[in-house]
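What follows is one structure encoded as structure tokens, with my remarks underneath.
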Amino acid sequence: MERSISIMKVFITRRIPQEGMKILSQAGVCKVSLWDSDEPVPRVELLKGVEGAHGLLCLLSDKIDTEVLDAAGPNLKVISTLSVGFDHMAMDEIKKRGVRVGYTPDVLTDATAELTVALLLATARRLPEGVVEVKNGGWSTWKPLWLCGYGLSGSTVGVIGLGRIGMAIARRLNPFGVKRLLYSGRTAKSYAAEVEGEYVPLDTLVSESDFVVVSCALTPETQGLCNKDFFSKMKNTAVFINTSRGAVVNQEDLYQALSSGQIACAGLDVTTPEPLPTDHPLLTLKNCVVLPHIGSATYSTRGIMAELSANNLLAGLQGTDMPSELKF
Ligand code: NDP
Ligand code: DGY
80 MERSISIMKV
90 FITRRIPQEG
100 MKILSQAGVC
110 KVSLWDSDEP
120 VPRVELLKGV
130 EGAHGLLCLL
140 SDKIDTEVLD
150 AAGPNLKVIS
160 TLSVGFDHMA
170 MDEIKKRGVR
180 VGYTPDVLTD
190 ATAELTVALL
200 LATARRLPEG
210 VVEVKNGGWS
220 TWKPLWLCGY
230 GLSGSTVGVI
240 GLGRIGMAIA
250 RRLNPFGVKR
260 LLYSGRTAKS
270 YAAEVEGEYV
280 PLDTLVSESD
290 FVVVSCALTP
300 ETQGLCNKDF
310 FSKMKNTAVF
320 INTSRGAVVN
330 QEDLYQALSS
340 GQIACAGLDV
350 TTPEPLPTDH
360 PLLTLKNCVV
370 LPHIGSATYS
380 TRGIMAELSA
390 NNLLAGLQGT
400 DMPSELKF
């Protein structure tokens, strides 16, 4: 009797680091089709590409909703996202269809925490402004109060969402001489003892912190969390940093808080939308530092993320244990 060997179909929504592609091609269990570009796959191509797919490897910029799941159809066994955040995926629909999900926690924690510290220091000590002044001739002489900012020594830092990345940020900030480390979230964490973290209500964190760092997941509960009311409770000298997701912040309210002097300055690695239009009001402010979502952007981290997402995908296709399966 003739045995038919069926090769499973996989769609990848973008060029990913070679480390991941190599794993998929060497496994020999799937036929990969790839949106062969560094730019996002157009929606129509995504819907075409997933048709009949058993596996989908996607990015945080791909909206994986009912339409995409319907286009994929009943073959779909696994979605592997090259990210730890999963707010771009319709989890209820995915669950209903029994599709497994892989993601990339832990492997990007250090890189993202490092970037958060870099952004915090750059924002609080006004590094981008200083660089511009050197280049445009604004540096006339040493002046006692010119380009003064805020330092971490003796400060109170508040971390919203002391998860993997929040904790890694706290570990890195403490040696700068932070006096109090506050955190808020849904539950107190026993591991916070390592950084002498105090679990406090959000209002306490917001009003007592010199640096407010947002590192929580984007959920219906955290969407728009940092709004007018939130900024109005912050100190006028406080620094606001967000490396989680743009939608946690109401950007109009942030603009008002920054332009009115309600808060001192803000550093954002994430915005709504992404990219932020170049004529966006936030980009007119000297006291707002905006980065293009580069928290995990080191060569080695992105290579490891690609490996992990390829291995998650293979495990999902083969019905074995995933290295990092999202349980939901
Ligand atoms: P974790 O799941 O480890 O941490 C998420 C934290 O969010 C948890 O501590 C959780 O607290 C907290 N949280 C959830 N709901 C709330 C709430 N209502 N109020 C306050 N806190 C809440 O995830 P990671 O640390 O690995 O990643 C966090 C996020 O960082 C990702 O979801 C992603 O959006 C973002 N990210 C951004 C990157 C970038 O490039 N800028 C890179 C990587 C990640 P609790 O346990 O108490 O519920
Ligand atoms: C994530 O993984 O969620 C980041 O935003 C990108 O690494």
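Numbering (my numbering), first residue to last: 80 to 407. We put the beta carbon where it would ideally sit given N, CA and C, even for glycine.
So is residue i buried or exposed if we call it buried at 16+ other beta carbons inside 10 Å?
i	result
residue 302	exposed
residue 408	Residue 408 falls outside the range modelled here, since the chain spans only 80 to 407, and no answer is possible.
residue 401	buried
residue 263	buried
residue 330	buried
residue 85	exposed
residue 445	For the chain, the structure presents residues 80 to 407; residue 445 sits outside this window and is missing.
residue 99	buried
residue 352	exposed
residue 240	buried
residue 179	buried
residue 215	exposed
residue 200	buried
residue 144	exposed
residue 350	buried
residue 154	exposed
residue 226	exposed
residue 265	exposed
residue 406	exposed
residue 80	With a pLDDT of 44 at residue 80, under the threshold of 50, the modelled position of that residue is not reliable, and the figure given next carries that caveat. When all chains shown are included, residue 80 counts as exposed.
residue 346	buried
residue 114	buried
residue 210	exposed
residue 159	buried
residue 224	exposed
Per DSSP, which one or two residues make a beta bridge with residue i?
i	result
residue 262	238 and 278
residue 321	293 and 347
residue 91	113 and 136
residue 181	159 and 404
residue 168	143
residue 305	328
residue 227	Its beta-bridge partners do not exist; DSSP assigns none.
residue 368	346
Considering Cα atoms alone, identify which of the options is closest to residue i.
i	options	result
residue 107	389, 163 and 127	389
residue 252	221, 291, 266 and 287	291
residue 273	279, 260, 284 and 280	260
residue 286	164, 235 and 177	235
residue 337	119, 316 and 384	316
residue 308	298, 326, 166 and 282	282
residue 275	379, 250 and 181	250
residue 339	325, 310 and 328	310
residue 192	164, 246, 163 and 211	246
residue 176	147, 163 and 167	147
residue 161	398, 219 and 381	381
residue 404	181, 358, 335 and 398	181
residue 166	366, 325 and 208	325
residue 373	321, 254 and 328	321
residue 298	119, 164 and 159	164
residue 118	130, 110, 94 and 109	94
residue 300	319, 328 and 318	328
residue 342	319, 358 and 173	319
residue 207	121, 120 and 366	366
Looking at residue j and residue i, is the spacing between their C-beta atoms short of 8 Å?
i	j	result
residue 368	residue 135	no
residue 333	residue 348	no
residue 344	residue 202	yes
residue 138	residue 92	yes
residue 205	residue 233	no
residue 183	residue 248	no
residue 89	residue 151	no
residue 278	residue 296	no
residue 190	residue 375	yes
residue 294	residue 237	no
residue 383	residue 123	no
residue 394	residue 96	no
residue 364	residue 355	no
Rounded to whole angstroms, how far is the Cβ of residue i from the Cβ of residue j, which I believe are closer than 8 Å?
i	j	result
residue 157	residue 387	The pair is not a contact, with the Cβ atoms about 13 Å apart (cut-off 8 Å).
residue 87	residue 396	5 Å
residue 257	residue 231	6 Å
residue 116	residue 128	Wrong, their Cβ atoms sit about 12 Å apart, outside the cutoff.
residue 102	residue 188	Contact flag wrong, Cβ pair sits at about 22 Å.
residue 289	residue 312	That pair is no contact at about 14 Å.
residue 125	residue 141	6 Å
Indicate, with yes or no, if the ligand MG has a heavy atom lying under 7 Å from the CB of residue i.
i	result
residue 327	Here the bound small molecules are the ligand NDP and the ligand DGY; the ligand MG is not part of this structure.
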